[in-house]
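Quick mapping for you: the protein sequence lines, in order, are chains A, B and C. The numbers in the first sequence follow the numbering used here, run straight up by one, and end at 109. The numbers in the second sequence follow the numbering used here, run straight up by one, and end at 265. The numbers in the third sequence follow the numbering used here, run straight up by one, and end at 550. The beta carbon of each residue, even a glycine, is placed where N, CA and C say it ideally should be.
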Amino acid sequence: MHDTTTAARGAEHGADRPHEPLSYRFLLLVWLGLMCLTATTVAVSRIELGALNIVAALGLAGAKASLVIFFFMHLKYENWIIKGMVFMAFVVLAIAIGLTFVDVGYRY
Amino acid sequence: MAEAHAAPAAQLAAHRDDQASKMGMWLFLFTEILLFGGLFLLYASYRAKYPQAFHAGGQALDLVLGATNTVILITSSLTVALSITALRRGQTVRCLWLLAFTVACAATFMLNKGIEWGAKFHHGLIPGSEHMARLPQGQSIFYGLYFAMTGLHGLHVVIGASVLLWVMLLIRRSKITGDDYAVLENAGLYWHIVDMVWIYLFPLFYLIA
Amino acid sequence: MEHTAQDPHERPFFAPSGKGGLASWIFSTDHKRIGLLYLGLIMLMFSVAVVLGLLLRLKLMTPGNTLLTPQQYNAIFTLHGVIMVFMVVIPSIPASFGNIFLPLHIGANDVSFPRLNNFSWWLYVTGLVLALVSIFTGNGPPDTGWTFYVPFSEHTTTNVSIAVIAVFVLGFSSILTGLNFITTVHRLRTPGMTWRKLPLFVWSLYATGWIQVLATPILGITALLIFSERVLHLGLFDPGRGGDPLLYQHLFWIYSHPAVYIMILPAMGVISEIIPVFSRKPVFGYNMIAFSSLAIAFAGSLVWAHHMFTSGMSDNAVLLFSFLTFVVAIPSAIKVFNWLSTMYKGSISLDPPLLFSLGFILMFSIGGLTGLVLGSAGTDIHVHDTYFVVAHFHYVIFGGTGLGMFAAMHYWFPKVFGRMYDHTRAFWSFWIILLGMNVLYFPMFVMGLQGMPRRYYDYLPQYAPLQMVSTWGSWILAVGLILMFHNLYRGCRYGPVATKNPWGGATLEWTLPTPLPAEAFYGDPVAPEPYDYKGVNPDG
């Protein structure tokens with residue numbers, strides 16, 4: 002109905018052309034990395050490190066999440082606009098939690 | 057700025073803008089991240105308030121089941137990523153098997169979750185029950201958050217698996233092909249986000265002991 | 011009017027093509043039809059909430075137990091708030107005029123996801139129906155106020171559960187609109203429509219879209235939490251079980267403060283379109299107005315806890331949020347100064363759209379400056395939860411967004427409906443509305459300073475005279491609104507046929523036939539300088 006001329010407008014200079022599919026081998030390597038990180042995070046949690054335990058757990062989770070986002074979700078191969086948007090979303094979440102801690106951090 | 061340059065009108069016959077649907081999907085994923093973000097905010101605050109109770113609560117959860125589910129979900133994420141490569145290389149049958157495996161992973165994940173919740177119910181840890189209300193203050197909160205967060209996540213697993221089943225149907229009917237795979241890619245993105253939320257839930261609930 | 015032409019580039023978008031009928035509207039994927047559907051429902055809900063507001067004022071005209079029972083009073087102010095906030099003001103300009111004009115402003119024939127657009131309208135309808143259900147089922151309509159604060163909202167026997175699900179669904183609808191707009195602006199701009207040639211209305215909707223996408227999910231989870239607290243009794247906010255009710259307030263305001271920028275930014279965009287057209291001068295400080303939209307969207311997400319200064323939050327948070335609140339005033343002020351500078355030495359024609367825009371600037375300035383009284387932690391202690399707050403946000407939301415909406419209606423009316431309303435009546439309706447608003451809300455500032463708490467059913471005798479005046483104001487306002495809607499309705503039915511560009515606007519929609527055709531552009535239109543009026547003149 003209204004799909005006339007505007008449908009493919011942002012398409013430009015090949016930047017939107019799909020990236021070559023990632024190879025099976027490469028994806029398996031990413032998976033292997035995720036498995037190693039999972040084993041590490043379980044192992045580290047068994048060692049008593051005090052406050053460092055939570056830092057390690059979140060740091061390793063962040064590393065795993067980055068592998069998923071950048072490779073499984075292809076963020077590494079997207080243009081800077083999508084990258085910037087993803088960054089903004091996480092910044093906003095960090096602000097929400099961070100500013101809440103200005104209250105609860107001093108109250109609890 | 058440069059993204060605005062349009063292709064000449066002659067090339068516009070395709071009526072398709074995969075880049076736009078991908079952008080739309082990412083924007084939608086942000087809403088999922090922030091939806092869970094509200095719960096993570098509660099988790100962080102209450103953990104700061106009741107470190108001891110969270111410690112005790114985490115010890116009571118079944119680490120083996122949690123770790124198994126982590127492996128299952130990460131592997132299912134891998135097979136979704138592989139299925140896109142398969143489809144784009146024209147290996148439709150392999151793509152369908154990979155997706156079927158993913159859905160099977162989702163089912164196993166939910167089964168484990170059921171076993172885990174069942175065990176908790178068996179011990180009287182039922183939301184709204186007298187037993188839960190009588191727990192020490194922080195522990196009641198811990199289990200409240202546990203049910204809320206894993207419950208909402210489980211709901212997303214079910215939704216994601218259903219979407220993947222629907223995508224399989226579309227591939228069977230050749231509505232999704234190696235040249236027109238945006239729907240598969242976007243469904244995959246959704247599945248990866250479900251995986252990613254679990255990557256955070258796992259250490260926060262099972263490993264903080 | 012005879013529109014026999016079947017060419018979609020000439021046939022008005024509202025004229026039937028082929029089968030027509032109701033289905034061709036409610037299942038339409040045409041952004042213009044969806045915009046009109048929204049406009050109709052929003053105006054319907056607006057009228058309902060206005061009637062509720064008039065009832066509240068009528069009750070408050072005299073102290074004591076009159077007209078309404080306390081329970082009815084609580085239910086009515088809750089409904090007034092819920093309907094106005096979630097069903098009228100949040101969708102108002104983006105969902106109606108944004109839907110119609112955002113694609114046209116960037117030279118596109120529709121939004122990026124037309125079917126999603128229709129789906130989001132259906133979600134809106136679902137939200138309305140659920141809200142309606144919550145009124146007439148269970149133990150009666152919710153009585154918590156629109157903020158659904160715990161612990162009361164967890165324990166009240168009224169039908170809060172369905173109402174919060176309605177809010178969740180309405181939020182989803184709002185998210186999808188924002189998502190659609192962001193993608194459309196990125197992907198469907200006509201060649202040559204660079205970011206610095208975007209009309210400011212588009213900039214404001216783009217910034218709004220980001221708030222809708224990033225803040226609304228927090229409302230979603232908050233609504234779901236209330237629901238699960240009521241149904242599953244998780245006890246997450248129950249102090250008896252170690253929960254912290256203040257965390258509910260944090261979650262609620264993390265959305266609901268940015269939400270006030272969802273409400274005001276689109277109206278600011280409308281004003282930024284209208285002021286230069288009626289001053290026949292390029293807009294002053296285009297870059298700063300565009301930038302300040304983004305700055306408001308960002309800074310607006312940093313200030314939510316200024317709604318909680320007296321709640322028992324930590325003092326450090328009070329100090330920080332008070333400071334951040336002052337920061338967000340800067341981009342708002344930038345806009346006001348730019349509008350005034352645009353008008354300076356302009357060739358001003360005081361047509362109805364400009365009048366409503368000037369009303370916006372006046373009311374928004376009063377509302378904005380009194381907002382600083384509330385944002386400053388010291389003075390807030392005195393006026394928190396008093397009529398001062400009520401007056402402040404009605405000045406901003408009704409005087410700001412409301413008048414912005416009316417300005418948009420008077421500005422784009424001829425383009426959408428192809429006919430012109432009566433200017434003299436529009437002139438009178440504006441002045442009556444402006445007078446009514448000030449008589450209605452200004453006494454509330456005074457009463458608030460004197461200590462009259464909001465949401466109270468009864469009051470001490472010393473407030474009686476000002477309460478009386480305020481109620482008179484509500485009647486004046488009602489007369490103005492009736493006059494305005496009557497004038498627009500008459501114009502729509504019997505007004506003289508409008509010309510193509512009656513105001514002399516330079517943005518793309520004015521290059522299209524009047525009324526808007528079903529298909530807007532042939533191929534790719536040339537991106538104009540949106541505020542260059544050389545060679546562009548009113549043709550009416």
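- Message: Check whether chain A comes within 8 Å of C/Ile264, counting only Cβ atoms and requiring the distance to be less than that.
- Response: Here residue 264 of chain C corresponds to residue number 254 of the third sequence, with the count starting at 1. It does; some Cβ of chain A falls within 8 Å.
- Message: Between the alpha carbons of B/Ala104 and C/Val160, how many angstroms are there, rounded?
- Response: The count along the second sequence starts at 1 and reaches residue 104 of chain B at position 48. The count along the third sequence starts at 1 and reaches residue 160 of chain C at position 150. Each residue's Cα considered, the two are about 21 Å apart.
- So which residues of chain C does B/Gln75 contact, with C-beta pairs closer than 7 Å? Working through the second sequence from its first residue, we reach residue 75 of chain B at position 19. By Cβ distance, chain C contributes Arg197.
- Task: Taking all protein chains shown into account, decide if A/Cys37 is buried (16 or more other Cβ within 10 angstroms of its Cβ) or exposed.
- Result: Residue mapping note: residue 37 of chain A aligns to position 36 of the first sequence, counting from 1. Taking all protein chains shown into account, A/Cys37 has fewer than 16 neighbouring C-beta atoms within 10 Å of its C-beta and is therefore exposed.
- Message: With H, G and I counted as helix, E and B as strand and the rest as coil, what does DSSP make of C/Arg429?
- Response: Within the third sequence, residue 429 of chain C is the residue found at index 419, counting from 1. In the three-state scheme derived from DSSP, where H, G and I count as helix and E and B as strand, C/Arg429 is classed as strand.
- Message: Could you check whether C/Val177 and C/Ala105 sit closer than 8 Å to each other, using their CB atoms as the reference points?
- Response: Locating residue 105 of chain C in the third sequence gives position 95, where the first residue counts as 1. Locating residue 177 of chain C in the third sequence gives position 167, where the first residue counts as 1. No, the Cβ-Cβ distance between C/Ala105 and C/Val177 is not below 8 Å.
- Burial state of C/Asp254 (16 or more Cβ within 10 Å): The count along the third sequence starts at 1 and reaches residue 254 of chain C at position 244. So C/Asp254 counts as buried.
- Message: Assuming contact is defined by CB atoms lying nearer than 8 Å, are C/Glu519 and C/Asn119 in contact in what I supplied?
- Response: Position 509 of the third sequence holds residue 519 of chain C. Position 109 of the third sequence holds residue 119 of chain C. Contact: no.
- Short-range partners of chain B found in the region 521 to 543 of chain C, where Cβ spacing is below 8 Å: So the close ones are Gly533, Asp534.
- Task: Kindly provide the ranges of any alpha helix (DSSP H) runs that are 4 or more residues long and lie completely inside the region 153 to 217 of chain B, ordered along the chain.
- Result: Restricted to the region 153 to 217 of chain B, the alpha helix (DSSP H) segments that are unbroken, complete and at least 4 residues in length are 186 to 190, listed in chain order.
- Ignoring anything shorter than 4 residues or poking outside the region 167 to 210 of chain C, list the alpha helix (DSSP H) runs there in chain order. The region 167 to 210 of chain C contains these whole alpha helix (DSSP H) runs: 170 to 197.
- Message: I want to verify the contact list: residues of chain C whose CB lies under 8 Å from the CB of B/Ser268, in sequence order.
- Response: Residue 268 of chain B is absent from the model: chain B starts at 57 and stops at 265.
- Task: Rank C/Leu47, C/Gly148, C/Leu70, C/Thr187 by C-alpha distance to the C-alpha of B/Gly80 and give the top, closest one.
- Result: For the purposes of this step, residue 80 of chain B is taken as the residue at position 24 of the second sequence. Check the Cα spacing between B/Gly80 and each of C/Leu47, C/Gly148, C/Leu70, C/Thr187: the tightest is with C/Thr187.
- Message: Just to confirm before moving on: does the CB-CB distance between C/Leu329 and C/Gly279 stay below 8 Å?
- Response: On the third sequence, position 319 is the one that residue 329 of chain C refers to. On the third sequence, position 269 is the one that residue 279 of chain C refers to. No Cβ-Cβ contact shorter than 8 Å links C/Leu329 with C/Gly279.
- Message: Output needed for C/Tyr83: all residues of its chain with C-beta closer than 8 Å, excluding positions within five of it in sequence on either side, in chain order.
- Response: As a first step, residue 83 of chain C is located in the third sequence; it is residue number 73 there, counting from the start. So the qualifying residues of the chain are Leu66, Lys69, Tyr467.
- Residue range of the alpha helix (DSSP H) that includes C/Trp35: For the purposes of this step, residue 35 of chain C is taken as the residue at position 25 of the third sequence. Segment 33 to 36, the alpha helix (DSSP H) holding C/Trp35.
- Can a CB atom of chain C be found closer than 8 Å to the CB of A/Tyr78? Numbered from 1 along the first sequence, position 77 holds the residue referred to as residue 78 of chain A. At a cut-off of 8 Å between C-beta atoms, A/Tyr78 does not count as an interface residue with respect to chain C.
- Task: Kindly indicate if chain B contains any beta-carbon less than 8 Å away from that of A/Tyr107.
- Result: Within the first sequence, numbered from 1, the residue matching residue 107 of chain A stands at position 106. Taking CB atoms only, A/Tyr107 has no neighbour in chain B less than 8 Å away.
- Task: Scan the region 232 to 245 of chain C for residues whose Cβ lies nearer than 7 Å to a Cβ of chain B and list them as they occur along the chain.
- Result: Those would be Thr232, Ser238, Leu242, His243, Leu244, Gly245, in chain order.
- Message: Can you check which of these residues, C/Tyr354, C/Met273, C/Leu445, is closest to C/Lys291 by C-alpha distance?
- Response: The sequence position of residue 291 of chain C within the third sequence is 281, counting from 1. Looking at the Cα atoms, C/Tyr354 is the closest of the given residues.
- Mind checking who C/Pro527 pairs with in its DSSP beta bridge? Counting from one through the third sequence, the residue named residue 527 of chain C turns up at place 517. Looking at the DSSP assignment, C/Pro527 forms a beta bridge with C/Pro22.
- Starting from C/Met318, trace the alpha helix (DSSP H) both ways and give me its first and last residue. Reading the third sequence from its first residue, position 308 is the one you call residue 318 of chain C. Element bounds for C/Met318: n/a, residue is neither H nor E.
- Name, going along the chain, the residues of the region 72 to 102 of chain A whose beta-carbon falls closer than 7 Å to a beta-carbon of chain C. Answer in chain order: Ile82, Ala90, Val93, Ile96, Ala97, Leu100, Thr101.
- Query: Can you list, in chain order, the residues of the region 48 to 66 of chain A whose Cβ is nearer than 8 Å to any Cβ on chain B?
  - Reply: Flagged, chain order: Asn54, Ile55, Ala58, Leu59, Leu61, Ala62, Lys65, Ala66.
- In chain order, what residues of the region 150 to 183 of chain B put their CB closer than 9 Å to some CB of chain A? Result list empty, no residue passes.
- chain B contacts made by the region 101 to 124 of chain C, where a contact means CB separation under 7 Å: Result list: Ser122, Phe123.
- Beta carbon of C/Leu54, beta carbon of C/His90: below 8 Å? Walking along the third sequence from the start, residue 54 of chain C turns up at place 44. Walking along the third sequence from the start, residue 90 of chain C turns up at place 80. No.
- Task: For the alpha helix (DSSP H) containing C/His394, list its first residue and its last residue.
- Result: Position 384 of the third sequence, counted from the first residue, corresponds to residue 394 of chain C. Taken as a continuous stretch (DSSP letters only), C/His394 belongs to no alpha helix (DSSP H), as it is neither H nor E.
- Query: Helix or strand or just coil, what does DSSP make of C/Val507?
  - Reply: In the third sequence, residue 507 of chain C corresponds to position 497, counting from 1. Note: C/Val507 maps to strand in three-state DSSP.
- Query: Does the count of Cβ pairs from the region 457 to 475 of chain C and the region 387 to 407 of chain C closer than 8 Å reach three?
  - Reply: Contact holds: three or more Cβ-Cβ distances are below 8 Å.
- Message: Quick test of the definition: if touching needs 3 or more C-beta pairs under 8 Å, does the region 207 to 223 of chain C touch the region 263 to 272 of chain C?
- Response: In short, these stretches touch, since the Cβ pair count reaches three.
- Task: Please list the residues of the region 17 to 39 of chain A that have a C-beta atom closer than 8 Å to any C-beta atom in chain B, keeping them in chain order.
- Result: Here the close residues are Asp17, Pro19, Pro22, Leu23, Ser24, Tyr25, Leu28, Leu29, Val31, Trp32, Leu35, Met36, Thr39.
- Report, in whole angstroms, the separation of the C-beta atoms of C/Pro22 and C/Gly428, which I expect to be a contact under 8 Å. For this step, residue 22 of chain C is matched to residue 12 along the third sequence. For this step, residue 428 of chain C is matched to residue 418 along the third sequence. At roughly 6 Å, the Cβ-Cβ gap stays under 8 Å, so C/Pro22 and C/Gly428 are in contact.
- Item | Validate contact between the region 236 to 253 of chain C and the region 371 to 388 of chain C using beta carbons, cut 8 Å, 3 pairs | At 8 Å Cβ cutoff, the stretches do not touch.
- Query: Under the three-state reduction of DSSP, which class applies to A/Pro22: helix, strand or coil?
  - Reply: Locating residue 22 of chain A in the first sequence gives position 21, counting from the first residue. It is coil, neither helix nor strand.
- Thinking just about the alpha-carbon of each residue, which of C/Gly505, C/Leu257, C/Asn348 is nearest to the one in C/Ser324? If you number the third sequence from 1, residue 324 of chain C lands on position 314. Checking every option, the nearest Cα to that of C/Ser324 belongs to C/Leu257.
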